[in-house]
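J.: Sequence order for the protein chains is A and W.
The opening residue of the first sequence carries number 1 in this note's numbering; numbering runs sequentially from there.
The opening residue of the second sequence carries number 1001 in this note's numbering; numbering runs sequentially from there.
The structure is given below, and queries will be raised subsequently.
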Amino acid sequence: MKQAIIEFQDFSFQYHSQAKPTLHDINLKIYPGEKILIVGPSGSGKSTLGHCLNGLIPFSYRGEILGSLKINGRETKEEDIFSLSKMLGTVLQDSDGQFVGLTAGEDIAFALENDNVPHDEMHERVEKVSEMVGMRDWLTSSPFELSGGQKQRTSLAGVMIDDVDILLFDEPLANLDPATGKKAIEIIDDIHKESKKTVIIIEHRLEDVLHRDIDRVLVIREGRIIADMNAHELVSSTILTENGIREPLYVTALKYADVKVTSEMLPGHITTLKTEFSKDALNKWHDAIKEDDRQNTNPSILKMDGVNFSYDGVRPILSDVSFDIPRGEMVSIVGKNGAGKSTLSKLLCGFNKQDKGVIYYKGEDIKDKSIKERAELIGLVMQNPNQMISKPMIYDEVALGLRLRNVPEEQIAEKVEKILKVCGLAPFRKWPISALSYGQKKRVTIASILVLDPSILILDEPTAGQDFRHYTEIMEFLVEINKLGVTVILITHDMHLMLEYTPRAIVLAGGRKIADTAASIVLTDAQVIKEANLKETSLFNLAQMADIEDGTHFVQGFIDYERRMKNR
Amino acid sequence: MNSKMKLFSYGTVDTPIHKLSGLTKLICFLLLTFAAMFSYDIRVILAIMVFSIAILMVSQIKFSQIRLMVIYVLIFLITNAVISFFFSPEEGVKIYGTRHPIAGLYGDLDLTWEQIFYQVTKFFKYGSVIPLGMVFLLTTNPSEFASSLNGVGVNYKAAFAVSLTLRYFPDIQREYQDISLSQQARGLELSHKAKFTDRFKNSLLIVIPLIFSSLDRIDLISNAMDLRGFAKSKKRTWYTSKNMTGQDYMAILISTLIFLAAAGVSIFINHSRFYNPFI
């Protein structure tokens, strides 16, 4: 019998600031060389579990620990964070924020510097470990020159340099575009196979992590481990849907086609899935798909015509971008970081002026409208609600835009009441903002923009870092807003969001528009996928495996079917 | 765009000055600054000035890189000279013990040779140090800066704070811009059109979100640093420190000799910090 490398025994933890324990009666053994995935909705305690492992609990976050947690046979309560960091290395979620060095090399060397490793030995080890993660040629680059994936690999090298036994990844996919996320999972897998280290991944994006093998998946709910099984068993059970974790899309498709998903079909990964049992059902379902009629014949509300822009006059950020969005549409703008997505929204809001080309609002050139005037037509909601909220009370925050416009107070009261109602915030009107959840804060920021009555709403990554339940909540709310006649533009690299909520996607790559069509077509077009750092949807793979010729049609059929189910 | 956002326009040119370690440059800079600050002998000061301009040439710094700094320095020096003349017009007379008036200016106020000599000396004193400061800033890799501070005895936590500031300054700056723009879109007026009190209140609407998002960031950074053992021991080594070479010791030796010579001139020749041509 092997000795467990991590062992929880009747372990509970309660933060000092909380009334109830966050983790209850955890009993868990992890063996050397295992690769474990921990999933669970936000607030389930999965990050707390991670903090207990790496020592941030109780070192940085105080609280009461009951029971025992041993790593390598040593009781963690009696160790300090430094000795734990020699056994277990953590790659945090935000690879930009945790980049403490001025260059990749310095960041990788950080742990060695703190250990007083001599200069020459340090350089040698940095080079060796950077080779392993493919960052050898980027050691002198600053974080501003690195992509999200490269920053994450730098963080990975930074913890591997200590030759830890266990690698802990805290939501490694949160800030990466689909292609980079897929690559990250591959790198983690390769390192696991080569180094035989124990790997623990905390993530709620199950399907993306299951791109490669996982030994066991743990499901956490309300501070308890409610499932501990392999991916095939988990995916064929009802645990995921019952606990607000998104099941892989291809599994949903199988269920729609009335296929009973069992662990014998090896449904844990799309690559292992056996389709011989489901082929007929899938084909039958596909043939029965009725096309949805989705022509939007409304007049144009926003049009870009041959827009060019460059910050320094040398390197173009946007070149010759044209599109036309009819009123009431919900569109996503996708592309990898640096493709020009945020610059595009800055041009629309008037923060920057295009060098060439015209932007029309309802057929009228808006070149001469100021930022303030444009805000009444086009509202921008930033990604992080903390970047927008400047008042302690909800009412005042929502009223701010009107007060700054010197609207009489009675009119403000009327408008704010109405918007709070629309946004489902009316019961909280007298609450301080600090008492709200992330999703509610997001609503407050959306409300504070909607109060100015814009007919177009641009949202930058509205669901970033949100679990399935919050994601659905925010998106369904936006659908409601959209039904009121507001045109919604989403800047995102979440492929589920594109597929499920926006009939149309505009794809940017290198400052050019490379596609402007249905999301189902974008996510099945190999060329566009490659250029824009997207990833083929597993629905398409499923269609191919079931010998369905028109994969795009299958994907579209799935989306339409799902929409009809929701609206029922 | 972001890659250009560097606090110092540090450039990598292959010159002997660039090759020196940051620690060496800091030590030399301090030695030469002490020498120039200690001595009021214009001969010594001019010698240091010639030396520092020569160093500036060797390090191939272009005038365009330092133009703005030179203008600021000149404005400062001239203002300083004018003000010190009006506040203390007899300073030179007090120091040198003689009085050779050139012209009466106003009432009792005279322009004296002593005062001119004293002020010219002072002008060159600052003027001789500033090129050295520019050389130090423009030829030292910003990441090496922290390690050299630590090298001359500054606590490594304080030295690392300098490095962290350099790292996150552009991030905060960008965040400030983003917040400012989004608040302007909500109707915030920051231009001169608004009253001063309003502008002050309005700027709070940017600063408050900036503080909250920075607090989130600080939490993250300190966790990231804890997890990799920062502040574990009393000392730390630096990835960016350069090993000392013969050239480094040579540079420190030269600077030390200049410092000793400057001190020697004062002690053995002038018998005071001042050189007095009037007696």
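By construction, the Cβ of each residue, glycine as well, lies at the ideal position given by its N, Cα and C atoms.
How long is the line joining the alpha carbons of Ser1003/W and Met1134/W, rounded to whole angstroms?
T.: Unreliable placement is indicated for Ser1003/W, whose pLDDT of 36 sits below 50; no coordinate value is reported for it.
J.: Between the C-alpha atoms of Ile1258/W and Ser1021/W, what's the straight-line distance to the nearest angstrom?
T.: Each residue's alpha carbon lies about 20 Å from the other.
J.: How big is the Cα-Cα spacing for Thr140/A and Leu1253/W?
T.: If I take the Cα positions, the gap works out to 31 Å.
J.: Less than 6 Å between C-beta atoms, sequence neighbours within five positions excluded: which residues of the same chain meet that for Ala399/A?
T.: Taken in chain order, the residues that qualify are Ile412 and Val416.
J.: Exposed or buried, which one is His496/A when buried takes at least 16 other CB atoms within 10 Å?
T.: Buried, by the Cβ-count rule.
J.: For the ligand FAD, any of its heavy atoms closer than 6 Å to the Cβ of Pro454/A?
T.: The ligand FAD is not part of the structure shown, which contains no ligands of any sort.
J.: At what residue ranges does the region 1009 to 1056 of chain W contain a whole run of the beta strand (DSSP E), taking only runs of 3 or more?
T.: The qualifying runs do not exist here; there are none.
J.: Please classify Val1058/W: does DSSP put it in a helix, a strand, or coil?
T.: Of the three classes helix, strand and coil, the one that applies to Val1058/W here is helix, per DSSP.
J.: Any beta-carbon of chain W closer than 7 Å to the one on Asp280/A?
T.: So, not an interface residue.
J.: Taking the alpha-carbon of Leu254/A as reference, which of Met265/A, Ile245/A and Ile359/A has the nearest alpha-carbon?
T.: Here the closest residue by C-alpha is Met265/A.
J.: Which residues in the same chain as Ser319/A place their Cβ atom closer than 6 Å to its Cβ, once the five residues preceding and following it in sequence are excluded?
T.: Excluding sequence neighbours, Ser319/A sits near Asn308, Gly511 and Arg512.
J.: State yes or no: is the C-beta of Ile220/A within less than 7 Å of the C-beta of Ser44/A?
T.: Yes, Cβ-Cβ distance for Ile220/A and Ser44/A is below 7 Å.
J.: Is Ile1218/W close to chain A, meaning its C-beta is less than 7 Å from at least one C-beta of that chain?
T.: Not an interface residue.
J.: Take every Cβ of the region 1155 to 1175 of chain W, pair it with every Cβ of the region 1025 to 1039 of chain W, and state whether three or more of those distances are shorter than 8 Å.
T.: The region 1155 to 1175 of chain W vs the region 1025 to 1039 of chain W: no contact.
J.: Are there three or more Cβ pairs, one per stretch, closer than 8 Å when the region 1044 to 1052 of chain W is compared with the region 1127 to 1143 of chain W?
T.: With the cut-off at 8 Å, the region 1044 to 1052 of chain W and the region 1127 to 1143 of chain W touch.
J.: Looking only at its chain, what residues have a beta carbon closer than 7 Å to the beta carbon of Leu452/A, apart from the 5 residues adjacent to it on each side?
T.: The answer, listed in chain order, is Ala375, Glu376, Gly379 and Gly401.
J.: For the putative contact between Ile50/A and Leu210/A, defined by C-beta atoms under 8 Å, what is the C-beta separation to the nearest angstrom?
T.: The residue you asked about is not Ile; residue 50/A is Gly in the sequence shown. 19 Å between Cβ atoms; not a contact.
J.: Enumerate in chain order the residues of its own chain whose CB-to-CB distance from Ser332/A is below 8 Å, with the five nearest sequence positions on each side excluded.
T.: The answer, listed in chain order, is Ile489, Leu490, Ile491, Thr492, Leu497, Met498, Tyr501, Thr502, Arg504, Ala505, Ile506 and Ala519.
J.: For Met382/A, go through chain W and note every residue whose CB falls closer than 9 Å to its CB, in chain order.
T.: Those are Asp1178, Ile1179 and Ser1182, listed as they occur along chain W.
J.: Ordered along the chain, which non-local residues of its own chain (more than five positions away) have a Cβ less than 7 Å from that of Lys151/A?
T.: For Lys151/A, where only same-chain residues beyond five positions count, the Cβ hits under 7 Å are Ser95, Asp96, Phe99 and Pro143.
J.: For Glu75/A, list the residues DSSP reports as bridge partners.
T.: Answer is Lys70/A.
J.: Out of Glu207/A, Tyr256/A, Glu373/A and Lys430/A, which has the shortest C-alpha to C-alpha gap to Val235/A?
T.: Ranking the options by Cα distance to Val235/A, first place goes to Glu207/A.
J.: Which chain B residues are close to Ile389/A, counting only those with a beta carbon under 7 Å from its beta carbon?
T.: Checking the listed chains, one finds no chain B in this structure; the protein chains it contains are A and W.
J.: Any beta carbon of chain W sitting closer than 7 Å to that of Thr90/A?
T.: So, interface residue.
J.: Please determine, among Thr1015/W, Asp1014/W, Val1013/W and Leu1023/W, the residue with the shortest C-alpha to C-alpha distance to Asp1248/W.
T.: Measuring from the Cα of Asp1248/W, the nearest candidate turns out to be Leu1023/W.
J.: Just to confirm my understanding: we take Gln1115/W, look at its own chain, exclude 5 residues before and 5 after, and list those with CB closer than 8 Å. What are they?
T.: Excluding positions up to five away in sequence, the list reads Phe1085, Pro1089, Glu1090, Glu1091, Gly1092 and Val1093.
J.: For a contact meaning CB atoms closer than 8 Å, what does His119/A contact in chain W?
T.: Here the neighbours are Thr1237, Trp1238, Tyr1239, Ser1241 and Asn1243.
J.: Find the residues of chain W that neighbour Ser60/A, judging by a C-beta separation of less than 7 Å, and give them in chain order.
T.: Here the neighbours are Asn1223 and Asp1226.
J.: Can you tell me whether Val573/A is helix, strand or coil according to DSSP?
T.: A question about residue 573/A goes unanswered here, because the residues of chain A that appear run from 1 up to 568.
J.: Cutting at 7 Å between CB atoms, please list the residues of its own chain near Ser310/A, excluding the five before and the five after it.
T.: Pro316, Ile317 and Asp355, listed in sequence order.
J.: Could you name the residues of chain A that Leu1026/W contacts, counting a contact when the two beta carbons are closer than 8 Å?
T.: Going along chain A, no residue has its Cβ under 8 Å from Leu1026/W, so there is no contact; the nearest lies around 17 Å.
J.: Counting only runs of 4+ residues fully inside the region 7 to 86 of chain A, write out the alpha helix (DSSP H) ranges in chain order.
T.: Whole alpha helix (DSSP H) segments, 4+ residues: 46 to 54 and 56 to 59.
J.: Work out the CA separation of Ser195/A and Lys441/A for me, nearest whole Å.
T.: The straight-line gap from Cα to Cα measures roughly 43 Å.
J.: State buried or exposed for Val1044/W, treating a residue as buried only when at least 16 other CB atoms are found within 10 Å of its CB.
T.: The residue in question, Val1044/W, is buried, as its Cβ has 16 or more Cβ neighbours within 10 Å.
J.: Looking at the structure shown, is Arg1186/W part of a helix, part of a strand, or coil, going by DSSP?
T.: Coil at Arg1186/W, not helix or strand.
J.: What separation, rounded to the nearest whole angstrom, lies between the Cα atoms of Phe1117/W and Gly1153/W?
T.: Using only the alpha carbons, I get a separation of about 38 Å.
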